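> Its first residue numbered 201, the sequence shown is counted upward by one per residue in this note's numbering. This structure is in structure tokens; I'll ask about it shortly.
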Amino acid sequence: MDSFLAKRKSIIKNIVNDIISSKYQTINVIGAPGTGRTYIINECIASLNANKKDITIVQLYGDAGKQGVPFYPLDAYLAKKQRWRKGISKIFEPIPYIGPLLGHIIDSEDVRRLLVNEDITRRNENLSKHISFSKELLMLNSRQKKIVITCDDFQYLDIQTINYLQGLLPLFYENEKTITILASY
Numbered sequence: 201m202d203s204f205l206a207k208r209k210s211i212i213k214n215i216v217n218d219i220i221s222s223k224y225q226t227i228n229v230i231g232a233p234g235t236g237r238t239y240i241i242n243e244c245i246a247s248l249n250a251n252k253k254d255i256t257i258v259q260l261y262g263d264a265g266k267q268g269v270p271f272y273p274l275d276a277y278l279a280k281k282q283r284w285r286k287g288i289s290k291i292f293e294p295i296p297y298i299g300p301l302l303g304h305i306i307d308s309e310d311v312r313r314l315l316v317n318e319d320i321t322r323r324n325e326n327l328s329k330h331i332s333f334s335k336e337l338l339m340l341n342s343r344q345k346k347i348v349i350t351c352d353d354f355q356y357l358d359i360q361t362i363n364y365l366q367g368l369l370p371l372f373y374e375n376e377k378t379i380t381i382l383a384s385y
């Protein structure tokens with residue numbers, strides 16, 4: 201039993217180190233139900249949150265019952281974030297935030313137009329598939345060194361979300377700031 205726990209801790213440490221060093225853009229945790237995939241993902245998130253303040257974690261979850269709903273995980277993430285913002289605004293007085301200009305980070309004129317005007321362009325067709333989530337990622341990308349998108353139960357994501365996430369990687373690969381997808385299935 202001790203060697204099993206030690207092996208899981210070693211796997212978690214290796215994944216976190218790979219994320220921090222940007223060694224890979226996608227990391228897959230594969231195993232049968234009950235083998236600890238979700239545990240490994242959650243421990244990686246906890247480790248990154250505790251040690252790296254310049255990394256943002258976006259948590260998406262697959263849902264077997266919602267596989268036919270386009271972009272369900274993206275919409276669920278945005279809705280959860282919106283509920284959190286509403287809850288926190290009751291406690292604190294909202295402070296206006298003006299984010300940094302994105303020009304020095306994102307060179308593509310198409311992406312800037314998409315962010316500001318929601319102009320759907322051919323060159324960035326993938327970002328335009330889910331404009332609200334794309335705006336969220338671009339905003340996070342302007343503030344943080346790295347974004348990690350975790351996808352627990354990747355096998356239950358709808359095909360539109362899978363295609364969207366796969367299409368994101370090349371868009372951010374050339375930037376200094378990268379997106380890593382950590383998926384379990």
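Don't be surprised by glycine CBs; every beta carbon is placed ideally from N, CA and C. The model shown is predicted, which means the values in this text are computed figures rather than measured ones.
1) In the DSSP assignment, what residue or residues form a beta bridge with Q259?
2) Mind checking which residues open and close the alpha helix (DSSP H) that includes L338?
3) Does the Cβ-Cβ distance between Y208 and Y239 come in under 9 angstroms?
4) Based on DSSP bridge pairs, tell me the residues matched to T380.
5) Between N214, T380 and I227, which has its C-alpha nearest I255's C-alpha?
6) With DSSP as the reference, identify every bridge partner of T226, one or two as the case may be.
7) Return yes when the Cβ of I241 is within less than 9 angstroms of the Cβ of D352, no when it is not.
8) From G190 to S210, what does the alpha carbon distance come to, in whole angstroms?
9) Between which residues of its own chain and L301 is the CB-CB distance below 7 angstroms, once the five residues before and five after are set aside?
10) Taking C244 as the reference, which of D218, Y224, L365 and Y277 has the closest Cα?
11) With DSSP as the reference, label F372 as helix, strand or coil.
12) Report the CB separation of V348 from L369 in whole angstroms; it is logged as a contact under 8 angstroms.
13) Please look up how many angstroms separate the CB atoms of S334 and L340, rounded, as I've assumed it's under 8 angstroms.
14) Please tell me whether D352 has its Cβ less than 9 angstroms away from any Cβ of chain E.
15) Put Q426 into one of helix, strand or coil per three-state DSSP.
16) On a Cα-Cα basis, can you pick out the residue from T378, Y385, S384 and T350 that is closest to Y274?
For this structure:
1) Locating residue 259 in the sequence shown gives position 59, where the first residue counts as 1. Answer is T350, bridged to Q259.
2) Translated into the one-based positions of the sequence shown, residue 338 becomes position 138. Its alpha helix (DSSP H) spans residues I331 to R343.
3) As a working note, residue 208 is residue 8 in the sequence shown. As a working note, residue 239 is residue 39 in the sequence shown. The displayed chain sequence assigns Arg, not Tyr, to residue 208. In contact: R208 and Y239 (Cβ atoms closer than 9 angstroms).
4) Within the sequence shown, the letter at position 180 stands for residue 380. Its beta-bridge partners are V348.
5) Position 55 of the sequence shown, counting from 1, holds the residue named residue 255. Looking at the Cα atoms, T380 is the closest of the given residues.
6) Here the question's residue 226 lines up with position 26 in the sequence shown. In the DSSP output, where bridge partners are listed per residue, T226 has I381.
7) Stepping through the sequence shown from its first residue, residue 352 is reached at position 152. Stepping through the sequence shown from its first residue, residue 241 is reached at position 41. Result yes, Cβ atoms of D352 and I241 sit closer than 9 angstroms.
8) Absent from the model: residue 190. The displayed extent of the chain is 201 to 385, so no value can be given.
9) Translated into positions along the sequence shown, residue 301 becomes position 101. Legend: pLDDT at L301 = 40, less than 50; position of this residue unreliable, value from coordinates given subsequently. Shown here for L301: not one same chain residue has a beta carbon closer than 7 angstroms to its own, the five before and five after excluded.
10) Your numbering for residue 244 matches position 44 in the sequence shown. Out of D218, Y224, L365 and Y277, D218 has the C-alpha closest to the C-alpha of C244.
11) Residue 372 sits at position 172 when you count from the first residue of the sequence shown. Helix at F372.
12) In the sequence shown, counting from the first residue as 1, residue 348 sits at position 148. In the sequence shown, counting from the first residue as 1, residue 369 sits at position 169. In this structure V348 does not touch L369 by the C-beta definition: roughly 13 angstroms separates them, more than the 8 angstroms allowed.
13) What you label residue 334 is simply residue 134 of the sequence shown in a count that begins at 1. What you label residue 340 is simply residue 140 of the sequence shown in a count that begins at 1. Contact flag wrong, Cβ pair sits at about 11 angstroms.
14) Protein chains in the displayed structure number just one, and chain E is not present.
15) With the chain covering 201 to 385 only, the question about residue 426 has no answer from this structure.
16) Reading the sequence shown from its first residue, position 74 is the one you call residue 274. The sequence given here has Leu at residue 274, not Tyr. Looking at the Cα atoms, T350 is the closest of the given residues.
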